[in-house]
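First up is the structure itself, then whatever we jot down about it.
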Amino acid sequence: MALPHDPRPGRNPALASVFDPRSAPRLAWLLVGAVRARGRRTVTSWIRAAGLSGEYRPLLYDGGGRRADPVAARLVHGVVKPLVAGATRLTFALDDTPTPRYGRHVQGAGVHHNPTPGPAGGPFVYGHVWVVLGLLVTHPAWGVVALPLMARLYVREKTLPGIPAADRPAFRTKLELAVELMRWARCRLGFLGKPLWVVADGAFSPDEDAVGVSAFSRPQSPWGPRPPTASDHVAITRTDRPSRTYKGVSRGR
Numbered sequence: 003m004a005l006p007h008d009p010r011p012g013r014n015p016a017l018a019s020v021f022d023p024r025s026a027p028r029l030a031w032l033l034v035g036a037v038r039a040r041g042r043r044t045v046t047s048w049i050r051a052a053g054l055s056g057e058y059r060p061l062l063y064d065g066g067g068r069r070a071d072p073v074a075a076r077l078v079h080g081v082v083k084p085l086v087a088g089a090t091r092l093t094f095a096l097d098d099t100p101t102p103r104y105g106r107h108v109q110g111a112g113v114h115h116n117p118t119p120g121p122a123g124g125p126f127v128y129g130h131v132w133v134v135l136g137l138l139v140t141h142p143a144w145g146v147v148a149l150p151l152m153a154r155l156y157v158r159e160k161t162l163p164g165i166p167a168a169d170r171p172a173f174r175t176k177l178e179l180a181v182e183l184m185r186w187a188r189c190r191l192g193f194l195g196k197p198l199w200v201v202a203d204g205a206f207s208p209d210e211d212a213v214g215v216s217a218f219s220r221p222q223s224p225w226g227p228r229p230p231t232a233s234d235h236v237a238i239t240r241t242d243r244p245s246r247t248y249k250g251v252s253r254g255r
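When we follow the working numbering, the leftmost residue of the sequence shown carries the number 3, and every step to the right adds one.
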């Protein structure tokens with residue numbers, strides 16, 4: 003059943019104010035579509051589930067994407083702030099994640115290392131890599147979950163020449179993008195007066211004084227400065243591909 007297109011404009015004026023007045027009234031129904039969507043969680047599926055297919059225009063999607071920062075800021079104040087009201091500190095998670103993407107009109111995609119190759123064992127994936135900042139909260143049934151707050155697209159330096167000059171971003175490393183995200187979080191949530199902690203991979207270890215948050219990371223090498231010994235691990239071998247041994251267990255590459 004198609005939803006009526008009466009969006010009740012006053013439903014969320016703070017968030018809707020970020021968008022162009024012509025598209026802002028449809029925001030409430032787009033969020034309904036995000037909840038009702040099935041299958042792949044894409045913007046197209048949201049629009050279809052909300053019954054807005056006849057009103058979709060590519061320029062509206064493009065305009066919303068270019069306003070990601072102010073939209074995220076409104077969500078932080080309207081949604082995240084109540085969730086952390088009783089927290090003694092704010093703990094963030096920071097990592098990079100690849101998403102397979104390809105096509106003639108897909109910009110910024112390239113060949114990246116695949117951290118989760120799966121049964122096929124492909125060491126690389128073609129698509130986008132996002133550096134993502136999430137807020138760690140505790141759900142009464144699901145335990146600790148990460149709520150994604152903001153992300154930055156990482157584009158390899160060798161991929162940049164393939165992007166039209168008008169849209170080509172300056173090259174930034176993943177660490178530089180991570181620092182930018184943490185500064186964004188401090189700017190948007192620092193007013194709460196709570197200590198800010200970030201948990202990250204060893205590759206994202208920043209200068210805490212420069213960023214203004216307390217960083218906790220695991221070392222990239224689980225063995226530290228010394229090589230492993232026979233007493234440090236129990237090797238579990240795999241026959242499908244070579245294994246990499248970690249402390250207490252070994253897993254395939």
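All C-beta atoms in this analysis are idealised placements derived from N, C-alpha and C, irrespective of residue type, glycine included.
Return helix, strand or coil for residue i, following the three-state DSSP convention.
| i | result |
| --- | --- |
| residue 126 | strand |
| residue 167 | coil |
| residue 134 | strand |
| residue 79 | helix |
| residue 121 | coil |
| residue 54 | coil |
| residue 202 | strand |
| residue 74 | helix |
| residue 150 | strand |
| residue 84 | helix |
Quick check: what's the CA-CA separation for residue i versus residue j?
| i | j | result |
| --- | --- | --- |
| residue 105 | residue 56 | 24 Å |
| residue 99 | residue 127 | 11 Å |
| residue 78 | residue 146 | 18 Å |
| residue 111 | residue 157 | 7 Å |
| residue 88 | residue 168 | 45 Å |
| residue 142 | residue 161 | 43 Å |
| residue 31 | residue 49 | 8 Å |
| residue 188 | residue 179 | 14 Å |
| residue 175 | residue 115 | 15 Å |
| residue 42 | residue 102 | 13 Å |
| residue 51 | residue 29 | 13 Å |
| residue 90 | residue 74 | 23 Å |
| residue 24 | residue 47 | 21 Å |
| residue 27 | residue 120 | 42 Å |
Considering only their Cβ atoms, is the gap separating residue j from residue i smaller than 8 Å?
| i | j | result |
| --- | --- | --- |
| residue 133 | residue 153 | yes |
| residue 92 | residue 183 | no |
| residue 37 | residue 85 | no |
| residue 202 | residue 97 | yes |
| residue 82 | residue 155 | no |
| residue 186 | residue 94 | no |
If you follow the alpha helix (DSSP H) that residue i is part of, which residue opens it and which one closes it?
| i | result |
| --- | --- |
| residue 35 | 29 to 38 |
| residue 180 | 176 to 191 |
| residue 46 | 45 to 51 |
Between which two residues does the beta strand (DSSP E) containing residue i stretch?
| i | result |
| --- | --- |
| residue 105 | Counting along the chain, residue 105 falls outside any beta strand (DSSP E), and DSSP gives it neither H nor E. |
| residue 195 | No beta strand (DSSP E) holds residue 195; DSSP gives it neither H nor E. |
| residue 112 | 112 to 115 |
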